[in-house]
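K.L.:
Right, I'll just put the structure down here and ask away after.
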Amino acid sequence: LELGTRDKRGNWAPNAAALPAPIWHRPFSLRKVIAWLPSFFWPWNAFHLATALLWVFVLIPSWESLATLSVQNYLYLYGLNAVAIFAFFGVFELRFYIQRAQGTRFKYNAKFPADHPSDVFWFQSQNIDNFIRTVFVTVPLWTVVEFVMLWAYANSWAIWLPWGTHWAWLSFLILIAPAVHEVYFFFLHRLIHTPLLYKWVHSVHHNSINPSPWSSLSMHPGEGFPYMAEAWLHLLIPSNHLCAYFTLHSVGFGAINGHLGFEKFEIGGSAALDSHAYVHYLHHKYFEVNYGGDGLVPLDMLFGTWHDGSKEADERMKERFREKRERMRRRARVSHPEPGALGKGARVATFSSDSDGGESSESDAR
210 LELGTRDKRG NWAPNAAALP APIWHRPFSL RKVIAWLPSF FWPWNAFHLA
260 TALLWVFVLI PSWESLATLS VQNYLYLYGL NAVAIFAFFG VFELRFYIQR
310 AQGTRFKYNA KFPADHPSDV FWFQSQNIDN FIRTVFVTVP LWTVVEFVML
360 WAYANSWAIW LPWGTHWAWL SFLILIAPAV HEVYFFFLHR LIHTPLLYKW
410 VHSVHHNSIN PSPWSSLSMH PGEGFPYMAE AWLHLLIPSN HLCAYFTLHS
460 VGFGAINGHL GFEKFEIGGS AALDSHAYVH YLHHKYFEVN YGGDGLVPLD
510 MLFGTWHDGS KEADERMKER FREKRERMRR RARVSHPEPG ALGKGARVAT
560 FSSDSDGGES SESDAR
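Quick note, my numbering runs 209 ahead of the 1-based positions in the sequence shown.
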């Protein structure tokens, strides 16, 4: 069964258009929602919960130790996170980008970053640049968020609830955490696509137009810190450090989902692991679409920036770009009129910036 096609430029795309979660489909179908639920939990959210349980019950220091902001504890937590990210991201990088175990099968962009050096990266290498930024920029910031979070709980600066008496509420927090992340990420992402923040902050991440696993957390500190700080939302409400860890690991380990570069990973025989990477891959490709996640909370559909990979979505995107260019031309003509274009005493109108004036496309951001 052919699941997708590759065009003349070498770009592979799935045949089926991307869809938001079935809970948003109309007419509503309970059967489709039930059929979708296993993919909501497995494998990614199950993995994030498993790692959260491992950290909480096995790996983190005692509460007595965490009550003080010690360098030793910070370095210990950083070491855990760095080793875990090196192992988790590294498995995908080694198997599919270094060994190239399945070649370009299901790979969106047929090119491999290692084969294409570029001056926009440190050492002209996307892989080296992304690795350094991940391990020595974003993971230390991840650890700061974790360190302060645990210190706040250890000193009762946040309301910590035990599972024994509040299991229903805490389970609910874990259940809705992926949806909360999509909302948080969408608005943070739109913010850092405004011109100034894009130029000085977010462009670091977007240098990786053809992302690979190490691109996932390759960020400027001005992006990496607020991205990881989503876990601090749990300090604002009655919660538990396990719930906070689930959020922290969902945004940390889970960043890989949109940057794997493959639709599926062959894991033996006819079995394959779905990456859920296509929607965010389209964001890296086109810059001004899919600011949110993969449609669990379809804010992109609400704000007109959803791209499902179809030709119709391409046309809608191109029309939006044309309208934006025309608005920019009109503003330029008003701001800088040609000599003699305005009569004596004429007044110049002032235009406020439109709602998508801060977006950056590949054509004007590169």
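Quick reminder that beta carbons are idealized off the backbone N, C-alpha and C, glycines included.
1. Going by DSSP, which residues form a beta bridge with residue 483?
2. Could you compute how far the alpha carbon of residue 338 sits from the alpha carbon of residue 525?
3. According to DSSP, is residue 369 part of a helix, a strand, or is it coil?
4. Is the Cβ-Cβ distance between residue 326 and residue 419 less than 7 Å?
5. Reducing DSSP to helix, strand and coil, say where residue 279 ends up.
6. Enumerate, from N- to C-terminal direction, the unbroken beta strand (DSSP E) stretches of 3 or more residues contained entirely within the stretch 240 to 309.
7. Residue 235 by DSSP, collapsed to three states: which one?
8. Does the Cβ of residue 265 lie closer than 6 Å to at least one heavy atom of the ligand SAM?
9. Just verifying my parser: in three-state terms, what is the DSSP assignment at residue 230?
10. For the putative contact between residue 346 and residue 441, defined by C-beta atoms under 8 Å, what is the C-beta separation to the nearest angstrom?
11. Where does residue 327 sit, in a helix, a strand or coil, going by DSSP?
12. Exposed or buried, what is residue 277 when buried is set at 16 or more other beta-carbons lying within 10 Å of its beta-carbon?
13. Count the C-beta pairs between the stretch 474 to 483 and the stretch 509 to 525 that are closer than 8 Å, then say yes if the count reaches three, no if not.
14. Within the same chain, show all residues whose beta-carbon is closer than 8 Å to that of residue 336, passing over the 5 residues directly before and after it, in chain order.
15. Can you tell me where the alpha helix (DSSP H) holding residue 433 begins and where it ends?
16. Can you grab the Cα-Cα spacing for the pair residue 412 / residue 388, in whole Å?
17. Go to residue 540, then tell me how far its alpha helix (DSSP H) extends in each direction, as first and last residue.
18. How is the alpha helix (DSSP H) around residue 342 delimited, first residue to last?
19. Do the stretch 493 to 507 and the stretch 526 to 534 touch if we need at least three Cβ pairs shorter than 8 Å?
P.N.:
Quick answer:
1. Here residue 483 refers to the residue found at position 274 when the sequence shown is read from its first residue. Under DSSP, the beta-bridge partners assigned to residue 483 are 473.
2. By 1-based counting over the sequence shown, the position of residue 338 is 129. By 1-based counting over the sequence shown, the position of residue 525 is 316. Going by the C-alpha atoms only, they are around 34 Å apart.
3. Residue numbering aside, residue 369 sits at position 160 when the sequence shown is read from its first letter. Strand at residue 369.
4. Numbered from 1 along the sequence shown, position 117 holds the residue referred to as residue 326. Numbered from 1 along the sequence shown, position 210 holds the residue referred to as residue 419. No, they are not a contact pair.
5. Position 70 of the sequence shown, counting from 1, holds the residue named residue 279. If DSSP states are grouped into helix, strand and coil, residue 279 belongs with coil.
6. Every candidate beta strand (DSSP E) stretch fails here, since none sits fully inside the stretch 240 to 309 while reaching 3 residues.
7. The count along the sequence shown starts at 1 and reaches residue 235 at position 26. In the structure shown, residue 235 sits in coil (DSSP, three-state: anything other than H, G, I, E or B).
8. No copy of the ligand SAM appears in this structure; indeed no ligand is present at all.
9. On the sequence shown, position 21 is the one that residue 230 refers to. Assigned with DSSP and collapsed to three states, residue 230 falls in coil, not helix or strand.
10. The count along the sequence shown starts at 1 and reaches residue 346 at position 137. The count along the sequence shown starts at 1 and reaches residue 441 at position 232. Rounded, the Cβ-Cβ distance is 19 Å, inconsistent with contact.
11. Working through the sequence shown from its first residue, we reach residue 327 at position 118. Here residue 327 sits in coil by DSSP.
12. On the sequence shown, residue 277 is found 68 positions in, with the first residue counted as 1. Answer is exposed; the Cβ neighbour count stays below 16.
13. Because the criterion of three Cβ pairs below 8 Å is not met, the stretch 474 to 483 and the stretch 509 to 525 do not touch.
14. Your numbering for residue 336 matches position 127 in the sequence shown. Apart from sequence neighbours up to five positions away, the residues of its chain that approach residue 336 with a beta-carbon distance below 8 Å are 302, 306, 322, 323, 421 and 423, ordered along the chain.
15. For the purposes of this step, residue 433 is taken as the residue at position 224 of the sequence shown. Element bounds for residue 433: 430 to 437.
16. Residue numbering aside, residue 412 sits at position 203 when the sequence shown is read from its first letter. Residue numbering aside, residue 388 sits at position 179 when the sequence shown is read from its first letter. Those two C-alpha atoms are separated by around 26 Å.
17. Position 331 of the sequence shown, counted from the start, is the residue given in the question as residue 540. Counting along the chain, residue 540 sits inside the alpha helix (DSSP H) bounded by residues 520 to 544.
18. Counting from 1 along the sequence shown, the entry for residue 342 is found at position 133. Per DSSP, residue 342 belongs to the alpha helix (DSSP H) from 335 to 342.
19. Verdict: yes, contact present.
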